[in-house]
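Going by the working numbering, the letters in the sequence shown line up with residues 3 to 211, in that order. By construction, the Cβ of each residue, glycine as well, lies at the ideal position given by its N, Cα and C atoms. Fair warning: this is a prediction, and the values are worked out from it, not measured in the lab. In what follows, a single structure is set out as structure tokens and then discussed.
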Amino acid sequence: MGCCSGYGCDEFFGERFARRTSRRYREKGLEKTATRLRDLLAVRRGDAALEIGGGVGGLLAELVKAGAESGRLVEVVSGYEPFARAVFRHAGVEAEFVLADIVADPTAVEPAEVVALNKVVCCTPDGPQLVGAAAGLTLRRLAFSFPRERRSFALAARLQNLLFRLLRRRFRVFVHSRAALVGAAEGQGLRLVHERPGPFWVVVGFERA
Ligand SMILES: C[S@@+](CC[C@H](N)C(=O)[O-])C[C@H]1O[C@@H](n2cnc3c(N)ncnc32)[C@H](O)[C@@H]1O
């Protein structure tokens, strides 16, 4: 059992979530935050692309369409796999689905030129370690999104977690400190080159110095 599956991602992100997100991608394309990450990564022809916590893989499919030579999606939830394969088929790309917890086993995949995590660090108490592991796998650019560090969001997360506890669900949400997330990437030799706070999600981009 990986760290995130230990925290209930496998029970929270089930078939219904996978079905809904893959249908949304097929009908409407990438959502706004994922689009920003794709643009920020600016794939070059021949790059390897890696998406960690990629869910059904819409963002990875777009990175491969943009010219990446190979694409790998790492997930702790095995139930996503058939949906991700269908998304790749629909997008006309070849990409690999790897079942692994990247914090517990950062060697589960090869390093890649471009690495993305969209709305992932908020699903695990190990957010900074997850960013550190992703940064260690980044050869050129890393981009990820996380909830803004605001008191109101932290309070909302606490209330939501209380509800999860009452419903006896293991899953929890986390609003990590921006400094810890950015520091984790910088600690792996990356340089912050972009930061765009939205109403809820902050999108950041790093380059290998
Ligand atoms: C909120 S979902 C986002 C999925 C997708 N990125 C999207 O935007 O639709 C977060 C995903 O991160 C995955 N995840 C969390 N921690 C992980 C880890 N340590 N290694 C791999 N995947 C992880 C979870 O299984 C979950 O599917």
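Nearest to residue i by alpha carbon, out of the options?
| i | options | result |
| --- | --- | --- |
| E64 | G55, V78, V45 | V45 |
| R40 | L52, G191, V100 | L52 |
| G185 | Q131, R171, L165, R174 | Q131 |
| L61 | R180, G81, V95, S80 | V95 |
| F148 | R180, Q190, R142, Y27 | R180 |
| V123 | H196, G55, R26, R172 | G55 |
To the nearest angstrom, how far is the alpha carbon of residue i from that of residue j?
| i | j | result |
| --- | --- | --- |
| G200 | R150 | 8 Å |
| F176 | L157 | 10 Å |
| C6 | C125 | Only weak support exists for where C6 lies, its pLDDT of 46 falling under 50; the coordinates are left without a value. |
| A135 | I104 | 7 Å |
| R18 | L75 | 20 Å |
| D12 | F90 | 21 Å |
| L164 | G48 | 46 Å |
| G4 | E77 | Its pLDDT being 41, under 50, G4 is placed unreliably in this model, and the value from its coordinates should be taken loosely. In a straight line, the C-alpha of G4 is about 10 Å away from that of E77. |
| A106 | L192 | 21 Å |
Given that a residue counts as buried once 16 or more other Cβ atoms are within 10 Å of its Cβ, and exposed if not, what is residue i?
| i | result |
| --- | --- |
| A211 | exposed |
| T109 | exposed |
| S154 | exposed |
Beta carbon of residue i: closer than 7 Å to some heavy atom of ligand 1?
| i | result |
| --- | --- |
| N120 | yes |
| E209 | no |
| T23 | yes |
| G48 | no |
| D41 | no |
Where do the N-terminal and C-terminal ends of the beta strand (DSSP E) with residue i fall, by residue?
| i | result |
| --- | --- |
| R40 | Run containing R40: none in the beta strand (DSSP E); it sits in the alpha helix (DSSP H), 34-43. |
Hey, quick one: how far does the alpha helix (DSSP H) through residue i stretch, first residue to last?
| i | result |
| --- | --- |
| H92 | 83-93 |
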